[in-house]
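Chemist: Numbering (the numbering used here), first residue to last: 450 to 967.
C-beta: ideal position from N, C-alpha, C; glycine also.
Pasting a structure here, questions to come.
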C-alpha cells in the first residue's frame, strides 16, 4: 500500500469509528404546545334526505381500524385522510340531508405521523370531516388514560367527535369516565337517530395492562341494551351500534341485543357481512382505509318506522379512487404537522440488503437488539444488582408485535415505526430454569445458552421481554416483579440498525440466529 492510501485511511479511520459509535438522537414532536390553524369546517347535513320507493333513506358510512394511515397509497390500498374526506363529500352530495359518518375505533395508533402527534392529526381531520361518533377501540388506550381523555376532549372550535364506550367503567366506582359517552343522538330531517358504542369485553388482553389498569370492560350486550333503551325513551327512530369487536363474535352477542337496526364491527381487519342476527345486520371492514362499510336505513315518511336496512362493504377498487381529488382542508391540517413529523420520520438509519420479513428477519433482529440492550442497561446500572451474564434469553411476540415488512433499500425511522408502532418498553423478569421452557413457549426467542440443562437449577435468571407480553394474560407478571429499563423497543431497534448500517437478511434468518426453543 502506498503512502498516500495509508494517509487517507489514517484520516478516515477516526471518522468511521465516530460514525459507528455515535448515538441515534430521535427528536420529539411537542404536540400540546403546537398551535394548529384549523380550516373552516364545511357545513354538513343541510338539504334534502334521499328518497327511494317512497321512503326516506339514511346512508351511513363507517370506517374502523384506520390505524393512522394518513397518506394515500395506491399499491398498499390505503385511501388516506385527504381522499377519505373527498369520498365522504362525494357521498354527502348524493344524500345531503341523510348522510351519517361513524367509526368503530382504532383510528389513531399505528403510523409514524399519527403516533408522533398522539392522534391529534387524525382526530382534527375526523372532526373536520364531520364524523358523527366514534366507538373506542383497544388501541385508543395504548398511550394511557391521559391521552385517551385528551383525544376525547379535543375540540375543533366548539365541536369534538363523541367517543363512545358504553361498557368501559372504572374498576373502583363502576362509573363510566366523564369524557366518554355510552351513546349520542343526532338528527337528520324529521328523524332522531341514536348511536351507541362499545368494545369487546374480552379485548383487555389486547391492551398493555398498565394502560387499562383503572378500567374494566363490562358485558357488551348488557351495556348496549341499557343505552338503546334510553335512546328509545328519548324518541330515537333508528339506532346504530358501533362495536370494536370482531364480526364473528358480534353475531352471538347480538342475539341478546334489542332494537338495534344496524351494527358495525371492527378489530379483526376483515371484510365481513353476517346474516341478520336478532334482526340486526352486521358489517365490518379491513384496516387502514382499504375498505369502507356502507349501510342504508329506509324509514316510513309518515310513521317514521324503520322498514328496511341493507349493509355492504366497499373495497378499495370500488371507491372510485382515480376520481377523488385531495381535500384542501385536510391537507392544511396535515401540512402544519409535516415539518415536525418529517424531521423524525425521515431520519436515515441504514440500508437493507434484501427484504426483511416481519415474521423472521425483523422479529429476530428486534429480539437480539432487546437482548443486547438489556445487558448494556444492567452493566451501566449496577444498583439493580443484576449480573449481565444472568440474562439468558430475550423473547418477542412476533406475530402481533411486528406489523409490516421492510423492503430492500434505505431504511428510515418511518419504516421501523410502521413495523413497530407500539410504545412497548423493554423490561427484565426473573425466571427459574425449570419454568423457562414453559414461559418461552410460543414466542420468538433469542438466547446464547445452548440448553436449559447448562443452567444452575438452584439459581434464578433473567429474561428480556416487552411490557405488553410481561403483564399480559399469559405471563401476568406484577409490576414489582419487573425491572423497567425505560427503553422503547422500537427506538432500540432503530438504534441497532443505525449502528449496524447495512443489514444483511441472512444474518437474521431463522437458520443463522440463535432463535429456537432450549
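Look at the alpha carbon of residue 908 and the alpha carbon of residue 788, and state the distance between them as a whole number of angstroms.
Modeler: Here the question's residue 908 lines up with position 459 in the chain shown. Here the question's residue 788 lines up with position 339 in the chain shown. Spanning the two alpha carbons is a distance of roughly 52 Å.
Chemist: Pick helix, strand or coil for residue 939, following the three-state DSSP scheme.
Modeler: Indexing the chain shown from 1 puts residue 939 at position 490. Three-state result, residue 939: helix.
Chemist: Is residue 867 buried or exposed, if buried means 16 or more other CB atoms sit within 10 Å of its CB?
Modeler: Mapped onto the chain shown, residue 867 falls at position 418. That one is buried.
Chemist: Where does residue 740 fall in DSSP's three states?
Modeler: Numbered from its first residue, the chain shown carries residue 740 at position 291. The answer is strand: DSSP assigns residue 740 an E or B state.
Chemist: To the nearest angstrom, report how far apart residue 531 and residue 538 are at their CA atoms.
Modeler: Translated into the one-based positions of the chain shown, residue 531 becomes position 82. Translated into the one-based positions of the chain shown, residue 538 becomes position 89. Taking the straight line from one Cα to the other gives about 11 Å.
Chemist: In three-state DSSP terms, what is residue 588?
Modeler: Position 139 of the chain shown, counted from the first residue, corresponds to residue 588. Helix at residue 588.
Chemist: Buried or exposed, going by whether 16 or more other CB atoms sit within 10 Å of the CB of residue 622?
Modeler: Here residue 622 is taken as the residue at index 173 of the chain shown, counted from 1. Exposed, by the Cβ-count rule.
Chemist: So, does the stretch 519 to 535 touch the stretch 469 to 485, judging by three or more C-beta pairs under 8 Å?
Modeler: At 8 Å Cβ cutoff, the stretches do not touch.
Chemist: Which residue or residues does DSSP assign as beta-bridge partners of residue 778?
Modeler: Within the chain shown, residue 778 is the residue found at index 329, counting from 1. None, per the DSSP bridge assignment.
Chemist: Near residue 453, what residues of its chain come up, given a Cβ to Cβ distance below 8 Å and the 5 sequence neighbours on each side ignored?
Modeler: Here residue 453 is taken as the residue at index 4 of the chain shown, counted from 1. Model confidence at residue 453 stands at a pLDDT of 44, short of 50, so the residue's coordinates are unreliable; what they give is reported in the following sentence. Contacts found: none.
Chemist: According to DSSP, residue 508 sits in a beta bridge with which residue or residues?
Modeler: Counting from 1 along the chain shown, the entry for residue 508 is found at position 59. Per DSSP, 548, 745.
Chemist: Out of 513, 481, 612, 500, point me to the one whose CA is closest to residue 740's CA.
Modeler: Position 291 of the chain shown, counted from the start, is the residue given in the question as residue 740. Considering only alpha carbons, the answer is 513.
Chemist: Counting only the same chain and skipping the five closest in sequence on each side, list residues whose C-beta sits under 6 Å from that of residue 774.
Modeler: As a first step, residue 774 must be located in the chain shown, where it is residue number 325. For residue 774, where only same-chain residues beyond five positions count, the Cβ hits under 6 Å are 535.
Chemist: Touching or not, the stretch 641 to 655 and the stretch 581 to 588, by the rule of three or more beta carbon pairs under 8 Å?
Modeler: They touch, by the three-pair rule.
Chemist: I'd like the ranges of any alpha helix (DSSP H) spanning at least 4 consecutive residues and lying wholly in the stretch 823 to 893.
Modeler: If we require 4 residues or more, the alpha helix (DSSP H) runs fully inside the stretch 823 to 893 come out as 847 to 850, 862 to 868, 882 to 889.
Chemist: Nearest-angstrom Cα distance between residue 606 and residue 570?
Modeler: As a working mapping, residue 606 is identified with position 157 in the chain shown. As a working mapping, residue 570 is identified with position 121 in the chain shown. Roughly 15 Å between the two C-alpha positions.
Chemist: Which residues does DSSP pair with residue 596 in a beta bridge?
Modeler: Translated into positions along the chain shown, residue 596 becomes position 147. Answer is none; residue 596 lacks a bridge partner.
Chemist: On a Cα-Cα basis, can you pick out the residue from 691, 676, 719, 494 that is closest to residue 697?
Modeler: Taking the chain shown and counting its residues from 1, one reaches residue 697 at position 248. Per the Cα distances, 719.
Chemist: Beta carbon of residue 631, beta carbon of residue 657: below 9 Å?
Modeler: Locating residue 631 in the chain shown gives position 182, where the first residue counts as 1. Locating residue 657 in the chain shown gives position 208, where the first residue counts as 1. No; because the gap between Cβ atoms is not below 9 Å, this pair is not in contact.
Chemist: Reducing DSSP to helix, strand and coil, say where residue 764 ends up.
Modeler: As a first step, residue 764 must be located in the chain shown, where it is residue number 315. It is a strand residue.
Chemist: Look up residue 700 in the DSSP assignment and say whether it is helix, strand or coil.
Modeler: Stepping through the chain shown from its first residue, residue 700 is reached at position 251. Residue 700: helix per DSSP, three-state reduction.
Chemist: Please identify the residue among 956, 853, 845, 903 whose C-alpha is closest to the C-alpha of residue 919.
Modeler: In the chain shown, residue 919 corresponds to position 470, counting from 1. It is 845 whose Cα lies nearest to the Cα of residue 919.
Chemist: Measuring straight from C-alpha to C-alpha, what distance separates residue 583 and residue 854?
Modeler: In the chain shown, residue 583 corresponds to position 134, counting from 1. In the chain shown, residue 854 corresponds to position 405, counting from 1. Using only the alpha carbons, I get a separation of about 30 Å.
Chemist: Between residue 804 and residue 859, is the Cβ-Cβ spacing less than 9 Å?
Modeler: Position 355 of the chain shown, counting from 1, holds the residue named residue 804. Position 410 of the chain shown, counting from 1, holds the residue named residue 859. No, Cβ-Cβ distance for residue 804 and residue 859 is not below 9 Å.
Chemist: Take the Cβ of residue 715 as the centre, count every other Cβ of all protein chains shown within 10 Å, and call the residue buried at 16 or more, exposed below.
Modeler: Locating residue 715 in the chain shown gives position 266, where the first residue counts as 1. With 16 or more Cβ atoms within 10 Å of its Cβ, residue 715 is classed as buried.
Chemist: Compare the Cα-Cα distances from residue 497 to each of 491, 506, 557 and report the closest residue.
Modeler: Looking up residue 497 in the chain shown gives position 48. Out of 491, 506, 557, 506 has the C-alpha closest to the C-alpha of residue 497.
Chemist: Nearest by alpha-carbon distance to residue 725: which of 644, 872, 702 is it?
Modeler: The residue you call residue 725 lines up with position 276 of the chain shown. Per the Cα distances, 702.
Chemist: For the stretch 510 to 525 and the stretch 750 to 760, state whether three or more C-beta atom pairs, one from each stretch, are separated by less than 8 Å.
Modeler: Result no; under three Cβ-Cβ pairs closer than 8 Å.
Chemist: Is residue 956 helix, strand or coil by DSSP?
Modeler: Position 507 of the chain shown, counted from the start, is the residue given in the question as residue 956. Helix at residue 956.
Chemist: Could you tell me which of 955, 672, 947 sits nearest to residue 471, measuring between CA atoms?
Modeler: Here residue 471 refers to the residue found at position 22 when the chain shown is read from its first residue. Checked all of 955, 672, 947; the closest Cα to residue 471 is 947.
Chemist: Starting from residue 968, follow its DSSP beta bridges and name the residues at the other end.
Modeler: Residue 968 lies beyond the stretch modelled for the chain, which goes from 450 to 967, so this question has no answer here.
Chemist: What does DSSP give as the partner residues of residue 691 in its beta bridges?
Modeler: As a first step, residue 691 is located in the chain shown; it is residue number 242 there, counting from the start. Partner(s): 646, 713.
Chemist: Out of 738, 850, 897, which has the shortest C-alpha to C-alpha gap to residue 874?
Modeler: On the chain shown, position 425 is the one that residue 874 refers to. The shortest C-alpha separation from residue 874 is found at 850.
Chemist: Can you name the start and end residues of the beta strand (DSSP E) that residue 634 belongs to?
Modeler: Position 185 of the chain shown, counted from the start, is the residue given in the question as residue 634. Note, residue 634: beta strand (DSSP E), 632 to 637.
Chemist: Am I right that residue 615 and residue 670 are in contact with their C-beta atoms under 8 Å? What's the rounded C-beta distance?
Modeler: Here residue 615 refers to the residue found at position 166 when the chain shown is read from its first residue. Here residue 670 refers to the residue found at position 221 when the chain shown is read from its first residue. The Cβ separation is near 10 Å, so there is no contact.
Chemist: Among 872, 596, 548, 817, which one has its Cα closest to the Cα of residue 939?
Modeler: On the chain shown, residue 939 is found 490 positions in, with the first residue counted as 1. Nearest C-alpha to residue 939: 872.
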